[in-house]
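Chains as they are written, first to last, in my numbering: chain E, 952 to 1116; chain V, 8 to 498. One structure is given below, encoded as structure tokens.
Here you go:
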């Protein structure tokens, strides 16, 4: 059951990601991103992270992607133009990425026996557990995130707002 | 039992954040037509206050706060003071050179101040999640500032390139943190060091270390992760380059030390050879590429890559001596680099009216004081005695030799000889008699702000060269913040 769910949704996530890259129209690409986000949520659920799974659906697949599609529709961007791309990137990039992925995969597989296992529903994360981490152990990173968001807003104003005159 | 209130441990960050918010609020409250230069002064005074707050932290006993996420010790204070000083000089230079008609002046000063929050926090964070957020704050501000010349194609190119590559590098860092968490079950730096010997999967630990190194080495623009540097420096406004070639790099070097000596001291024999190779690559690639540049900012970008290499050479040293040399080199590098970019801002302006080396021909006859300062910073970059650059390089290479990396020091010396070639070519061009129709110099009223800024940088470069005692002592006490480094130094 676990394995079947994992295989199905991992395949859907990969297919969505590939489709995202192949699509020429931004709207289609954004819609494939929703597929990727939602199937990742199922993978999180399989890992026993219910909160993360729901947050992924509400925040990423929901709120952020709605904004994404809104912006694309408002800007009314056309179909992307195809450029040639760099030869070096094709010749070196693809083998390098393959080697890198193989390396990471082998590292994770080799340590599989040492890693713990989770079963869905085995331990339910309560609001208490979450808030203990968020508002006590990681209080400072949580608060400092507000500065991060603030500079993102400042940057959007500084870079995207049209100058007068 | 921790008698020190937690807030004292993050006082400089709090001061800087309040300053940034104040700049934003004042910007909104000011009438639309009034000049916003005063906001720069607010930011500068806030930075001085943060510097003072960092010095106040010297009275605190070393320790952590907020459930072990930040740590104030000699090391964090050294880099706090250094970063605040760099930001101060960059702000002072911007005050007189930032275009009056720019409609985002308030955002500019607020961004620099908030960026400083991230940079100082990077040096005191001992929890990898906090490190990540601080690094993002510092990086995202630099991405935005890089694109501040919106009308120039190169400005937009710089911002987009920096943003894409930088986010990619941060992804590597984050993946590394995830693997380390998988191997040790914690993201607290000192905890990681304790749990690594007992970690069941050493492959995960090594993979995590390698990925984190990629992320951090990108931020210090060490080869082979340096490709973004020349394009970004060329496209960004020069006062911004003065900031981003120094302050975020100082913070990233601090982070590198904190991670390697704090979390991975037991893997010393693994990361020293990696950094050995990266150091040699950075020096050689940086210097050879710099020789062929015609654009001043591109040349200095490659020179900064080479300097990252000289700096990484010190990692081959043993224990506290190595950390001392790195901290000292970071200070000297920051002083001379912020100085030379300040001088170039004054000579060629916010909009780069003198982009090429040739355009500086005859500057010594047209603006003697400015050209003199420029030559002084160049001399320091070459590494001629009585400047900070010389002493820092000497310290770095001798540390490498003492650590057994004899060949690394030899390669470093050869590279310094190579580097003298392009620095001296620039110096000679400045000293040559002017051509008949010289390109027009931007006319700035050289105000008190920029004068103070550039004198601070020059003074620091000189003091680091002739009387480095105090700063060396501070660097040594910074190095003693790492118990692992102390114990590895003892025979």
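The beta-carbon is built from N, C-alpha and C at its ideal position, and this holds for glycine as well.
Reduced DSSP category for residue 8(V) - H, G, I as helix; E, B as strand; rest coil: Residue placement at residue 8(V) cannot be trusted, given a pLDDT of 47 that sits under 50; the coordinates are not used to answer.
Residues sharing a beta bridge with residue 1079(E), DSSP: In DSSP, residue 1079(E) forms no bridge with anything.
Residue-chain proximity (residue 19(V), chain E), Cβ-Cβ < 8 Å: no
Enclosing beta strand (DSSP E) for residue 1030(E) [first to last residue]: Careful: residue 1030(E) lies outside any beta strand (DSSP E) and carries neither H nor E.
Neighbourhood of residue 135(V) by C-beta, 6 Å cutoff - its chain only, sequence neighbours within 5 removed: 184 and 194
Exposed unless 16 or more other CB atoms sit within 10 angstroms - verdict on residue 958(E): exposed
Rounded straight-line distance, which links the Cα of residue 181(V) to that of residue 139(V): 7 Å
Among 1054(E), 1105(E) and 1068(E), the one whose alpha carbon lies nearest that of residue 118(V): 1105(E)
Test item: CB-CB of residue 277(V) and residue 213(V) under 8 Å: yes
Cutoff 8 Å: residue 175(V) Cβ touching any chain E Cβ: no
Closer than 8 Å to chain V by CB, residue 1037(E): no
Cutoff 8 Å: residue 8(V) Cβ touching any chain E Cβ: For residue 8(V), the pLDDT reaches just 47, beneath the cut-off of 50, and the residue's location in the model is therefore unreliable, leaving the point undetermined.
Same chain only: Cβ atoms within 8 Å of residue 50(V), ignoring 5 sequence neighbours per side: 26, 27, 30, 98, 116, 117, 119 and 120
Three-state class that DSSP yields for residue 363(V) in the structure shown: strand
Buried versus exposed call for residue 199(V) [16 or more other C-beta atoms within 10 Å across all chains shown]: buried
Length at least 4, wholly inside the stretch 211-258 of chain V: the alpha helix (DSSP H) runs in chain order: 235-242 and 245-251
Three-state class that DSSP yields for residue 164(V) in the structure shown: helix
Cβ pair residue 357(V), residue 245(V) closer than 8 Å: yes
Candidates 62(V), 265(V), 377(V) and 34(V): closest to residue 219(V) by CA position: 265(V)
Alpha carbon of residue 15(V) to alpha carbon of residue 411(V), nearest angstrom: 41 Å
Cα-Cα separation between residue 168(V) and residue 179(V), rounded to whole angstroms: 17 Å
Within-8 Å CB hit, residue 51(V) to chain E: no
Any chain V beta carbon closer than 8 Å to residue 1080(E): no
Coil, strand or helix - residue 71(V) by DSSP: strand
Residue 408(V) to residue 981(E) span [Cα, whole Å]: 55 Å
Cα-Cα separation, residue 8(V) to residue 228(V): Its pLDDT being 47, under 50, residue 8(V) is placed unreliably by the model, and the measurement read from it follows with that caveat. Rounded to whole angstroms, residue 8(V) to residue 228(V) spans 41 Å at the Cα level.
Anticipated Cβ contact below 8 Å, residue 222(V) with residue 177(V), distance rounded: 6 Å
Exposure of residue 304(V), with buried meaning 16 or more beta-carbon neighbours within 10 Å: buried
Meets three-Cβ-pair contact criterion under 8 Å: the stretch 432-446 of chain V and the stretch 364-373 of chain V: yes
Residue 80(V) beta carbon less than 8 Å from that of residue 329(V): no
Residues near residue 125(V) by beta carbon distance below 6 Å, same chain, minus five either side: 141, 144 and 145
Close Cβ partners of residue 970(E) (< 7 Å) along its chain, the five nearest in sequence each way excluded: 983
Sequence ranges, beta strand (DSSP E) only - wholly within the stretch 47-97 of chain V, length at least 3: 70-72 and 77-79
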